[in-house]
Amino acid sequence: MAGLRKPGRPSKGPREAFLARMHPELKAALQKAAQDRGITANDLIAVLIAEHTGRTHLVDYQEVLPLQKTA
Numbered sequence: 026m027a028g029l030r031k032p033g034r035p036s037k038g039p040r041e042a043f044l045a046r047m048h049p050e051l052k053a054a055l056q057k058a059a060q061d062r063g064i065t066a067n068d069l070i071a072v073l074i075a076e077h078t079g080r081t082h083l084v085d086y087q088e089v090l091p092l093q094k095t096a
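Note that this note's numbering has the sequence shown beginning at 26, numbered continuously upward.
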């Protein structure tokens, strides 16, 4: 059965874990900003760093629209 893939979301490619410590107010702001955009806090951090460093080709910009904006 080699070659059969499990269902689910496709891989985002190579990734490494990174632990960041921040003030609780910054964490709350990060989580709210990510939720407002319909993405994870981790993905928002990656997007912000990619934009700041000019490496936007390394992140996926798939936009998630709220239900009221899809019709």
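We put the beta carbon where it would ideally sit given N, CA and C, even for glycine.
Within 8 angstroms, strictly: CB atoms of residue i and residue j
i	j	result
L69	A58	yes
K31	D85	no
Boundaries of the alpha helix (DSSP H) in which residue i is found, first to last residue
i	result
K52	P49 to R62
T78	A66 to T78
Residues near residue i in its chain [Cβ-Cβ closer than 6 angstroms; skip 5 each side]
i	result
R34	none
Neighbourhood of residue i by C-beta, 7 angstroms cutoff - its chain only, sequence neighbours within 5 removed
i	result
Q56	A66
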